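> Below is a structure I'd like to ask you about.
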Amino acid sequence: MATLDPSDTINAGEHVFIKMPSDNVKCIVLKPGSTVSLGKFGSFKANDIIGHAWGNTYEIYDKDNKTRVYRLEELNEIEETANNNREIVDDPSSQKLTLDDIKALKSEGLKGELTGEEIVNKLKESHATFDKKTAYSQAKYLQKKGKKFHKTFTPIKPTAYSVNEYFYIKNPTKIKDIRMDTLSQVLSHSNVHAGCKLLVVDDTQGMIVSALAERMGGKGTILGLYDGDNPHYDVLKYMNFSREIQDTVKVLSWLRIHRPADEKTPDELQDVTQLTGKDLEGYHRRLRAYKIVEESRKVLFEADFDALIIASNYQPESIIEKLLPYVRGSRPVVVYHSAKEALLETSTWMRKCPELLAPQLTESWLRKSQVLPGRTHPEMSTWGSGGCLLTATRVIDQPVQAAMTKRERLAMEKKNAEAKKLKRAREEAEAEAASSTSTPTEAAVVTEEVL
Numbered sequence: 001m002a003t004l005d006p007s008d009t010i011n012a013g014e015h016v017f018i019k020m021p022s023d024n025v026k027c028i029v030l031k032p033g034s035t036v037s038l039g040k041f042g043s044f045k046a047n048d049i050i051g052h053a054w055g056n057t058y059e060i061y062d063k064d065n066k067t068r069v070y071r072l073e074e075l076n077e078i079e080e081t082a083n084n085n086r087e088i089v090d091d092p093s094s095q096k097l098t099l100d101d102i103k104a105l106k107s108e109g110l111k112g113e114l115t116g117e118e119i120v121n122k123l124k125e126s127h128a129t130f131d132k133k134t135a136y137s138q139a140k141y142l143q144k145k146g147k148k149f150h151k152t153f154t155p156i157k158p159t160a161y162s163v164n165e166y167f168y169i170k171n172p173t174k175i176k177d178i179r180m181d182t183l184s185q186v187l188s189h190s191n192v193h194a195g196c197k198l199l200v201v202d203d204t205q206g207m208i209v210s211a212l213a214e215r216m217g218g219k220g221t222i223l224g225l226y227d228g229d230n231p232h233y234d235v236l237k238y239m240n241f242s243r244e245i246q247d248t249v250k251v252l253s254w255l256r257i258h259r260p261a262d263e264k265t266p267d268e269l270q271d272v273t274q275l276t277g278k279d280l281e282g283y284h285r286r287l288r289a290y291k292i293v294e295e296s297r298k299v300l301f302e303a304d305f306d307a308l309i310i311a312s313n314y315q316p317e318s319i320i321e322k323l324l325p326y327v328r329g330s331r332p333v334v335v336y337h338s339a340k341e342a343l344l345e346t347s348t349w350m351r352k353c354p355e356l357l358a359p360q361l362t363e364s365w366l367r368k369s370q371v372l373p374g375r376t377h378p379e380m381s382t383w384g385s386g387g388c389l390l391t392a393t394r395v396i397d398q399p400v401q402a403a404m405t406k407r408e409r410l411a412m413e414k415k416n417a418e419a420k421k422l423k424r425a426r427e428e429a430e431a432e433a434a435s436s437t438s439t440p441t442e443a444a445v446v447t448e449e450v451l
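Under UniProt numbering, the first residue of the sequence shown carries the number 1, and numbering increases by one thereafter.
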């Protein structure tokens, strides 16, 4: 039997999104031996899903909170019937069960004495006009009641899509209102791929950095510039990234891009041979922090970045002016903002900048659709704005050292040297040909004309 890859299974200590029948999503950290409460939908033991594959739907089926894989019914084409809703009115008396009876069913469901399917069947059987409904109305009724009484849940793997959707619905301001379709366009316009080198200013709590790191798969480098003493990349912890992927993300504060003249290394500040205990631990901690900053500075000043991606609260022009020299030629510059008005001034500035080509301001629109046999249609309500993008291409009139790799610089120097050599040889050949074709008579005539 083939074994699943660790990334394809639910592991202890990871963040897990639990989708409930009501379509609400709960984020938990899975601790071995713990019990996870889902409110009115019951509870389950974490050990019941640890080691299993993502995406299975589980049913809580007894009072001991035991779970089993829930088999969904096969989706078949609905048969056409002669029933219609013409004689059906919204009458509470159609439901024979009283409010107290329904509360009793809920209570039995919470105790594990009844399954969600049994409760829904009792409601269906006691509904006086259920058989008069059309097949569509019956399916809609069962789905609506199932969202209330089914005791099922689905563990969802944290990905750029699921994490973005979770925060966009729960707390959109945390990620600066960037929606999943806009985020996908950021990846597309930035030409993100394994092995690339990206320069990022991310104020979306790390949502953009997380998506970039996931796409690169541990191959390449992401340098994130942040404001303050610590990077605000809270979203990264929800992604369950391996150490390989985490190591591709490097950070550097705006305040520490250039080393202060009076900055000293930990070795210069203290004599390590005289330190013991907590003082020695503090020294090694400061040394690690110093090395991280030095490594990030080195990555920045090496330049050669394949894209510049900005999602900041500050004016984009000032950031672009500061960072554009570190971006290679013919590479994209992508700016995100939740409001279009904030990018209009930047777009005007870009059109006047000789180093930026073809700036374009776009805003996407997304609408969900229901896709069911015979019932496919757009949903009546949709989301608000998912933000705007301003994209352009970095161009270089005359290649500069900061925008070229060492190999490109050597190739350019070699090409220039060969061009000069060919030009010199051509000039010498032309001079020699001119001197050999001149006769004494012609030379005398020329001399006489000059005199």
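The beta carbon of each residue, even a glycine, is placed where N, CA and C say it ideally should be. All values reported here derive from a predicted model rather than from experimental measurement.
Could you tell me which residues DSSP puts in a beta bridge with P155?
DSSP lists I18 as partners of P155.
> Three or more C-beta pairs under 8 angstroms: does that hold for the segment 346-360 against the segment 164-171?
At 8 angstroms Cβ cutoff, the stretches do not touch.
> With a threshold of 8 angstroms on Cβ separation, who are the neighbours of A431 within its own chain once the five nearest residues in sequence on each side are excluded?
Excluding residues within five positions, none has a Cβ falling inside 8 angstroms.
> For E59, report the span of its beta strand (DSSP E) as first-last.
First-last of the beta strand (DSSP E) with E59: Y58 to I60.
> From S385, I245, I18 and R297, pick the residue whose C-alpha is nearest to that of S253; which is it?
For S253, the nearest C-alpha among the options comes from R297.
> Could you give the first and the last residue of the continuous beta strand (DSSP E) run that contains R394?
Segment C388 to R394, the beta strand (DSSP E) holding R394.
> Short of 7 angstroms in beta carbon distance, which residues of its chain neighbour Y326, apart from the five on each side in sequence? Order them along the chain.
Once the five neighbours on either side are set aside, the close Cβ partners of Y326 are L199, L300, A303, F305 and A402.
> Let me make sure I understand the geometry here. Which of E244, M239, Q205 and V293 has the alpha-carbon closest to that of K219?
Considering only alpha carbons, the answer is E244.
> Spatial neighbours of V334 within its chain, please: C-beta separation below 8 angstroms, excluding the five flanking residues on both sides.
Answer for V334: V186, H189, S190, A307, L308, I309, I310, L389, L390 and T391, listed in chain order.
> Excluding sequence positions up to five away, which residues of its chain have a Cβ less than 8 angstroms from the Cβ of P332?
These residues qualify, in order along the chain: H189, S190, N191, A307, L308, T391, A392, T393 and R394.
> Can you tell me the Cβ-Cβ gap for S126 and L97, rounded? I've got them flagged as a contact below 8 angstroms.
Correct: roughly 5 angstroms between the Cβ atoms.
> If we count the other Cβ atoms within 10 Å of its Cβ and call it buried at 16 or more, is E59 buried or exposed?
So E59 ends up on the buried side.
> Can you tell me where the alpha helix (DSSP H) with L142 in it begins and where it stops?
L142 -> alpha helix (DSSP H) spans A135 to F149.
> If you draw a straight line from the C-alpha of D23 to the C-alpha of S347, how long is it?
So the alpha carbons of these two residues sit roughly 40 angstroms apart.
> For L75, does the count of other Cβ atoms within 10 angstroms reach 16, so buried, or fall short, so exposed?
In this prediction, L75 scores a pLDDT of 47, lower than 50, which makes its location untrustworthy; the coordinate-derived value is nonetheless stated afterwards. The residue is exposed, with fewer than 16 neighbouring Cβ atoms inside 10 Å.
> For the 8 angstroms Cβ check, are there 3 or more pairs between the segment 175-185 and the segment 366-385?
Yes: at least three Cβ pairs fall under 8 angstroms.
> Please determine, among K103, V201, H258 and E345, the residue with the shortest C-alpha to C-alpha distance to P231.
Nearest of K103, V201, H258 and E345 to P231, Cα basis: V201.
> Can you give me the Cβ contacts of K145 inside the same chain, cut-off strictly under 7 angstroms, excluding the 5 residues immediately before and after it?
So the qualifying residues of the chain are V120 and L123.
> According to DSSP, is R407 part of a helix, a strand, or is it coil?
Note: R407 maps to helix in three-state DSSP.
> Just verifying my parser: in three-state terms, what is the DSSP assignment at K219?
In this structure, K219 counts as coil in the three-state DSSP scheme.
> Output the boundary residues of the beta strand (DSSP E) element that contains A311.
Residues A307 to A311.
> Work out the CA separation of Q205 and R215 for me, nearest whole Å.
Roughly 18 angstroms separates the two Cα atoms.
> Report the residue from A425, Q370 and F17 whose alpha carbon sits nearest the alpha carbon of S381.
Ranking the options by Cα distance to S381, first place goes to Q370.
> For E345, which of helix, strand or coil comes out of DSSP?
Of the three classes helix, strand and coil, the one that applies to E345 here is helix, per DSSP.
> Which partner residues does I28 have in the DSSP bridge list?
The partner list for I28 (beta bridge, DSSP) reads V16.
> Considering only residues of the same chain and omitting the five flanking positions on each side of E14, which have a CB-CB separation below 7 angstroms?
Excluding sequence neighbours, E14 sits near L30 and N240.
> Taking only the alpha-carbon atoms, compute the straight-line gap between K350 and I320 and give it to the nearest angstrom.
Sequence inspection shows Met at residue 350; the Lys mentioned does not correspond to that position. In a straight line, the C-alpha of M350 is about 10 angstroms away from that of I320.
> Helix, strand or coil: which one does DSSP assign to H337?
H337: strand per DSSP, three-state reduction.
> Between which residues of its own chain and I28 is the CB-CB distance below 7 angstroms, once the five residues before and five after are set aside?
These residues qualify, in order along the chain: V16, I18 and V36.
> Thinking C-beta only, is V249 closer than 8 angstroms to V293?
Result no, Cβ atoms of V293 and V249 do not sit closer than 8 angstroms.
> Tell me which same chain residues have a C-beta within less than 6 angstroms of the C-beta of F167, skipping the five on either side of it?
Counting only Cβ-Cβ distances below 6 angstroms, and skipping sequence neighbours, we find K174 and I175.
> In this structure, what does DSSP give as the bridge partners for Q185?
DSSP output for Q185 lists no bridge partner at all.
> Which partner residues does G224 have in the DSSP bridge list?
For G224, which the question treats as bridged, DSSP gives the partners V200 and V251.
> Going by DSSP, what residues sit across from Q360 in a beta bridge?
Q360 is bridged to T391.
> Based on the DSSP secondary-structure assignment, which residues constitute the bridge partners of T35?
DSSP, once it has assigned bridges, lists K45 as partnering T35.
> Would a C-beta distance cut-off of 8 angstroms place V251 and G224 closer than the cut-off?
Yes. Within cutoff.
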